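Written below as structure tokens is the structure these notes are about.
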Amino acid sequence: MKHVKINCHGAMLIIPEWLRPLWPYQLPFNKWPSFCGAGDGIGDWLVPEKVHGVCISPACFIHDVDWALSPYSIREFLAANWRLFCNAKALIMISDLPWAKKQMAISRVAGLYLVAVSTIGTLYFEGILDGDEWDGIEISNPTVADRMRKLSRAALDI
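According to this note's numbering, the sequence shown is numbered sequentially starting from 34.
Listed below in structure tokens is the structure:
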């Protein structure tokens, strides 16, 4: 899957190329729905949407889409996790946090989010492949369709 960089509210985000025309550029980051965590209650509690007050939900959304559509390989797994870190860092760097707090927030992303998706996340990444079959059209993948519906509702509410 090919990825491109987009500028959204000053953050240079790395997204799948097919997602560019569907990206909700008008949606402020603080209005994004929850996409961080495993979605099972305790996973959401352990992995909050905000790091030092900065919403990183867009990075988690991109990561969910990456995992859902990536071929099952260690290379794709690690690449998707690295993009999560880069996108979260981009969101933190455009925030109005003081420089020292930005560094603390980036360290938290590296220490919590990146470690979590690279360790515990292996169970979810493998499980994605055992789920529903899809026809190869990105938006028809069940995980992607679910995330896009949630994001569309948020965009319509602004």
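C-beta: ideal position from N, C-alpha, C; glycine also.
As the structure is a computational prediction, the values presented were derived from the model and not from experiment.
- Rounded to whole angstroms, Arg-186 and Met-137 show a C-alpha spacing of 32 Å.
- Here Ala-123 is buried. Its C-beta has 16 or more other C-beta atoms within 10 Å.
- When Cβ pairs closer than 8 Å are counted between the two stretches, the region 94-111 is seen not to touch the region 125-141, the count staying below three.
- Counting every other CB atom within 10 Å of its CB across the protein chains shown gives Ala-92 a total of 16 or more, marking it as buried.
- Relative to Leu-111, the option among Ile-89, Met-126, Ala-149, Arg-141 whose CA is nearest is Ala-149.
- Shown here for His-36: same chain residues with a beta carbon closer than 8 Å to its own, the five before and five after excluded, namely Ile-47, Ile-48, Pro-49, Glu-50, Arg-116 in chain order.
- Membership of Ala-178 in any beta strand (DSSP E) is not indicated; the residue belongs instead to the alpha helix (DSSP H) covering 175-189.
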